[in-house]
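Step one of this worksheet: look at the structure below.
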Amino acid sequence: MTRRWWHSRRSSAPSDMDYPGTQFWVASPNAVDRPRAVTSIIIHTTQGPATDESASVNKFISTSASIHYIVNRAGTITQMVRDDQAAFHTGGRIQDPHNLNSIGIEHVNPAGQTPPPVLYANSAALVTWLCYRHKIPKIHQMMAGSPGIKDHQTVSPNDKPCPGSDWDWDHYMGMVQQNVSRAVP
Ligand SMILES: [Zn+2]
């Protein structure tokens, strides 16, 4: 694997991470304490030209945006904000209620491509674990104000469609509801 500039900032210490299937921790500076419980998970895809997580990691270090987890196309998971803090992955500011009550997951998938099976599987295993930990209902929630697993566009309709039509929700939710276990990346 190519060594990237941000690799020197990575940790693989389990104490730096929440989900046990996380491979790496790289801190984003864009995180605030949560005034409320986690009730939702928000699903994103990159849709740009990137084929690995480097562009996302760079964005979440060098802009005001952030995310809790990034799943790359090999199924490797990098965490950038701890679960007990809010990240800025939807709306106009980090204090948006949909940021304060959610965990965001970014997936590396260029527009027009099918997400690889290991990406779906390892993301579904992550979401299964998060739903158990935070008592989030394992449903694809289409109502912005209700708990569950949501599209980015459901909570932020003015943003670009995300995760977009390349994301197979039926396939994904089937794995989440079957408590799929993690594949080794
Ligand atoms: Zn998004």
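Residue numbers (the working numbering): 4 to 188.
Backbone N, C-alpha and C fix where the C-beta goes; we use that ideal spot for every residue, glycine too.
All values derive from a computational prediction rather than experimental measurement.
Check                                                                                                                                    : Outcome
Just checking my contact of Gln88 with Asp21 at CB under 8 Å: how many whole Å lie between their CB atoms?                               : In fact, because the Cβ distance is near 10 Å, the residues do not count as touching under 8 Å.
Measuring alpha carbon to alpha carbon, tell me which residue in Gly24, Pro23, Thr25 and Ser31 is nearest Arg12.                         : Ser31
Name the two residues that bound the continuous beta strand (DSSP E) containing Gly107.                                                  : Ser105 to Pro113
Would you grab the beta carbon distance between Ile73 and His92 for me? Rounded to a whole angstrom, and I think it's under 8 Å.         : Their Cβ separation, rounded to whole angstroms, is 11 Å, which puts Ile73 and His92 out of contact at 8 Å.
Compute the minimum distance between the beta carbon of Asp99 and the heavy atoms of ligand 1, and state whether it is under 8 Å.        : no
Can you grab the Cα-Cα spacing for the pair Asn125 / Lys141, in whole Å?                                                                 : 16 Å
Going by DSSP, which residues form a beta bridge with Phe63?                                                                             : Paired residues: none, contrary to the question.
Within a Cβ cutoff of 7 Å, which residues of the same chain sit near Gln98, ignoring the five residues on either side of it in sequence? : none
Let me know the secondary structure DSSP gives Pro188 once reduced to three states.                                                      : Note that Pro188 scores 49 on pLDDT, short of 50, meaning its location in the model is unreliable; the coordinates nonetheless yield the value given after this. Correct three-state label for Pro188: coil.
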